[in-house]
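2 protein chains.
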Amino acid sequence: MTLPHPTADQISLPNVLAVLGDPTRLAIVRYLASKEGVPLNCSRFLDLCSKTNLSYHLAKLREAGVTRTEAVGTSRLITLRRDDLDRRFPGLLDSVIAAAGDDASLPAVGGHEIEVRA
Amino acid sequence: MTLPHPTADQISLPNVLAVLGDPTRLAIVRYLASKEGVPLNCSRFLDLCSKTNLSYHLAKLREAGVTRTEAVGTSRLITLRRDDLDRRFPGLLDSVIAAAGDDASLPAVGGHEIEVRA
DNA sequence: TCCTTAGTTCAAAGGTCATTGAACAATTGG
DNA sequence: CCAATTGTTCAATGACCTTTGAACTAAGGA
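Right, here's the structure in full:
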């Protein structure tokens, strides 16, 4: 079961830019890019805002075509739609992610990696 | 006399993306890029919206650090801050402009070039 | 079956954004 | 000086955005 996503050619440039213009969402995208290939579930991002608000931001990203959300059990697995974005807007995602890379003003997604006990 | 502009390092990525996320402003930037090096005055963009509204959008672009506005007589000369943007966010402007290049959904800045009479 | 976990939906509040017309300021040409 | 040109400022409007808590759904484990 998959939630509604735009097709690649329905992705709108102004909309993508507007959606990435929010610091919370930009932080989500930056983190997704840093773990690229690994589908992450929503709870990874709970540092950024409340659960309700996160649901809202992730829906915005999905509806803009920036992320893909797959429902698996009670979880949602989030991935970047890099292929579609690169095909549609070559170089855009990379330059945004690079620019966001050293932006201390963006909120950070804390370490929720599985801790290795000493 | 110059209007208030952010310095290069005051330019914020989320803010730039948000400002470019508006179709009217993206169309302005695309047109500025197509005439790069040539300072254009506001009236060039009157196809896009009312004079009042244009003033608002151009102020947004200036305050975000995307454009530079110089007052000359009663005119304002608008240029892209390409150097600052490229230094701050390498490749971003180019990929945005390239992506906007073939976007038919963006409003067009009509031909206000000086007509050569037949 | 019952409880927990994961996330969504809803309504409401408060904020910001885009757009408008009217009024204003400043420069320039006659 | 007078008038036209160029663009800004202001107040108002409606729309959309972000955030919140409460209530909800759906899946999984004990």
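Going line by line, the protein sequences match chains A and B. Be aware that the first sequence starts at 931, since it is given in the numbering used here, and climbs by one per residue. Be aware that the second sequence starts at 931, since it is given in the numbering used here, and climbs by one per residue. Beta carbons are placed, not taken as given, at the ideal position from N, Cα and C, and that holds for glycine.
Note on alanine 957 of chain B: 16 or more other CB atoms within 10 angstroms of its CB, so buried under the neighbour-count rule.
Interface annotation, leucine 943 of chain B: in contact with chain A, CB-CB separation under 8 Å. Not one beta carbon of chain A lies nearer than 8 Å to the beta carbon of leucine 978 of chain B.
Comparing alpha carbon positions, the residue from A:Ala1034, A:Ala1029, A:Ile1027 and A:Leu1015 closest to serine 942 of chain A is A:Leu1015. Its chain contains Val949, His987, Lys990 and Leu991 as the residues whose beta carbon lies nearer than 7 Å to that of arginine 955 of chain A, once the 5 sequence neighbours on both sides are disregarded; these appear in chain order.
Asparagine 983 of chain B and alanine 963 of chain A have their C-alpha atoms roughly 37 Å apart. Exclusion of the five residues before and after valine 1026 of chain A leaves Leu950 as the residues of its chain whose Cβ lies within less than 7 Å of its Cβ.
Only residues of its own chain outside the window of five on either side were considered, and among them none has a CB closer than 7 Å to the CB of aspartate 1013 of chain B. If the five residues before and after proline 1037 of chain B are omitted, its C-beta is found closer than 7 Å to the C-beta atoms of Pro953, Thr954, Ala957 and Leu978, all from its own chain and listed in chain order. Nearest to alanine 1001 of chain A by alpha-carbon distance, out of A:Val946, A:Asp939 and A:Pro969, is A:Pro969. Chain order gives the chain A residues near phenylalanine 1019 of chain B as Ser1025 and Ala1029, where near means a beta carbon separation below 7 Å.
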